[in-house]
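Report on the following structure.
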Amino acid sequence: MKPMLHSLALMVAIVTQPFVLSAETSPNIVMIMADDLGWSDVAFHGGNIATPNLDRLVKQSLELTHHYVAPVCTPTRIGLLTGRYWSRFGVTGPRNERSLPWETVSLAKALQSVGYETCLVGKWHLGSKPEWGPNRFGFDHAYGSLAGGVNSWRHFYKKGPYSITWHRNGELIVEKGHVTDLLTTEAIGWLRGRGDRPFFLYVPFTAVHLPVDEPTEWLDRVPDAIEGDVARHYAACVMHMDDAVGKILAAVHMSGKSDNTLIVFTSDNGGSTAENNDTRYPFDSYPQGRLPGRNLPLRGKKGELYEGGIRVPTAVCWPGVLKPGKCATPIHITDWMPTLCALAKYDEKRKLNWDGKDIWPALTNKTELAERDLYWAGPSFRSSALRRGDWKLIVKNTRTEPIRQLFNVAADPNEALDLAPKMPLKVKELSERLDAIASNDRDAEVPAGTP
Numbered sequence: 008m009k010p011m012l013h014s015l016a017l018m019v020a021i022v023t024q025p026f027v028l029s030a031e032t033s034p035n036i037v038m039i040m041a042d043d044l045g046w047s048d049v050a051f052h053g054g055n056i057a058t059p060n061l062d063r064l065v066k067q068s069l070e071l072t073h074h075y076v077a078p079v080c081t082p083t084r085i086g087l088l089t090g091r092y093w094s095r096f097g098v099t100g101p102r103n104e105r106s107l108p109w110e111t112v113s114l115a116k117a118l119q120s121v122g123y124e125t126c127l128v129g130k131w132h133l134g135s136k137p138e139w140g141p142n143r144f145g146f147d148h149a150y151g152s153l154a155g156g157v158n159s160w161r162h163f164y165k166k167g168p169y170s171i172t173w174h175r176n177g178e179l180i181v182e183k184g185h186v187t188d189l190l191t192t193e194a195i196g197w198l199r200g201r202g203d204r205p206f207f208l209y210v211p212f213t214a215v216h217l218p219v220d221e222p223t224e225w226l227d228r229v230p231d232a233i234e235g236d237v238a239r240h241y242a243a244c245v246m247h248m249d250d251a252v253g254k255i256l257a258a259v260h261m262s263g264k265s266d267n268t269l270i271v272f273t274s275d276n277g278g279s280t281a282e283n284n285d286t287r288y289p290f291d292s293y294p295q296g297r298l299p300g301r302n303l304p305l306r307g308k309k310g311e312l313y314e315g316g317i318r319v320p321t322a323v324c325w326p327g328v329l330k331p332g333k334c335a336t337p338i339h340i341t342d343w344m345p346t347l348c349a350l351a352k353y354d355e356k357r358k359l360n361w362d363g364k365d366i367w368p369a370l371t372n373k374t375e376l377a378e379r380d381l382y383w384a385g386p387s388f389r390s391s392a393l394r395r396g397d398w399k400l401i402v403k404n405t406r407t408e409p410i411r412q413l414f415n416v417a418a419d420p421n422e423a424l425d426l427a428p429k430m431p432l433k434v435k436e437l438s439e440r441l442d443a444i445a446s447n448d449r450d451a452e453v454p455a456g457t458p
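Counting from 8, one number per residue, gives the positions in the sequence shown under our numbering.
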């Protein structure tokens, strides 16, 4: 049986489990994060790339249709693992310096304290020295890239002091194989070794971050209608990652733990249109041209605060507990730490100053989330945004006066109509709210160069 069909068949078994469990049991948690996967890079959002495993997962999940992340990678990972806005740590872009204070109670560390086994397989990018890696912040087992996206075959990061980045538990190693296959094998192997303790498995793939460089096995599966070298490698990369997701979830099923496992799939930011043959990577024979990351019908892309940069495909599955369907409630990446900590019965030993909220009552239709402010600091603090209800304000800093744009994202999800000129009072209201939140930025910053 071909890998894709094998994964799909096992996915059927996962999602047809009888609905028997209540949410009283602390769940196992599998958090899978794609890298630079755009809104319409997936078939279930009308994309032209086959994603059968994700399609099936979404059908059996609660799809979060307004799930927000940061516009770039490291900030999203900070938000997920701390429950706080990345700007509190002074981080708004990719970062190889240590991002978190040593005393940070990460999601992994919190779960570890209540008996969970914790594992990260994939991209860390919160500090690229081994001594700044995942094991220092609550992960029992860690494997993959300490830095960011890597060469698919030789696993090098960008040229510079952190180019050699592939590790297992902080020990730099050299391995052969495609990065997606290596991560999948490691995740499945770790799952097979689990006993009776609850576990947290975090799989931040490097796919579909540049440079995409796929094997013939996957290129041959790309339809002829997708033309161009980079486009075909990109499609193969998405399909390869989709198959990997299917295999990991199949391993959860084969372990007999799927009925007590909460699964979250998301992306770290919107799709990218950067040059694939980025000369900063040590091996420069990748397919040449721009990545075809697709975010339509949303406006914008990776690095921007328009919806296409920060609103990503997301599904949450817990058979028997979460009813499949769609949830349009605005959800922020910082919400996951308080939510998962509540499910795991973690009791804060000290105030962790979460910006996120426990969204579980909203996901289970027990209560609606009160209207609230969601905040973003853009790359290098050159932009910021705030969403409250249906309204979204984007502020772009210039050398003179800031440019302010106002959108009603419920009526105008493409952000085509800037209402700022017609609604100055709404702009003023949201600007004041944004400024109040931003006033606490950098309160946990680790200065560059700090050991």
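Just so you know, even glycine gets a beta-carbon here, dropped at the ideal spot from N, CA and C.
Small disclaimer: the values here were computed from a predicted structure and weren't measured.
- The beta strand (DSSP E) runs lying completely inside the stretch 351-427 and spanning 3 residues or more are 380-384, 390-395, 398-403, 410-415, given in chain order.
- The Cβ atoms of Thr99 and Pro386 lie closer than 9 Å to each other.
- Fewer than three pairs of CB atoms, one per stretch, sit closer than 8 Å, so the stretch 219-234 makes no contact with the stretch 129-142.
- Cβ neighbours of Ala281 within its own chain (closer than 8 Å, five residues either side excluded): Leu217, Arg297, Leu298, Lys309.
- Going by C-alpha positions, Gly263 is about 30 Å away from Gly90.
- DSSP links Gly53 through a beta bridge to no other residue.
- If you draw a 10 Å sphere on the C-beta of Asp227, you find fewer than 16 other C-beta atoms in it, and that means exposed.
- Sequence-distant partners of Tyr169 (beyond 5 residues in either direction) whose C-beta falls short of 8 Å from its own C-beta, in its chain, are Asn103, Ser135, Lys136, Leu153, Ala154.
- Per DSSP, Ile39 is one residue of the beta strand (DSSP E) stretching across 35-41.
- DSSP, read as helix, strand or coil, puts Pro211 in strand.
- Using a C-beta cut-off of 8 Å, the stretch 61-77 makes contact with the stretch 327-346, since at least three inter-stretch Cβ pairs fall below that distance.
- Contact between Val453 and Arg105 holds: CB atoms are separated by about 5 Å, below the 8 Å threshold.
- Beta-bridge partners of Thr81 (DSSP): none assigned.
- By a beta-carbon distance limit of 8 Å, Ser159 does not contact Val121. Their separation comes to about 37 Å.
- Between Val245 and Ile56, the alpha-carbon positions lie close to 7 Å from each other.
- In this structure, Tyr123 keeps its C-beta atom at 9 Å or more from the C-beta atom of Pro59.
- Here the alpha carbon of Asn283 sits roughly 38 Å from the alpha carbon of Val434.
- About 6 Å separates the beta carbons of Leu347 and Ile36, which is inside the 8 Å limit, making them a contact pair.
- Minimum Cα-Cα distance from Leu400 among the listed residues Asn267, Leu424, Glu193, Leu329 corresponds to Leu424.
- Residues of the same chain with a CB within less than 8 Å of the CB of Glu182, apart from the 5 flanking positions on each side, are His162, Trp173, Leu189 in chain order.
- Comparing alpha carbon positions, the residue from Asn302, Arg301, Thr286, Pro211 closest to Gln295 is Thr286.
- Closest option to His339, judged by alpha-carbon separation, among Trp367, Trp197, Lys356: Trp367.
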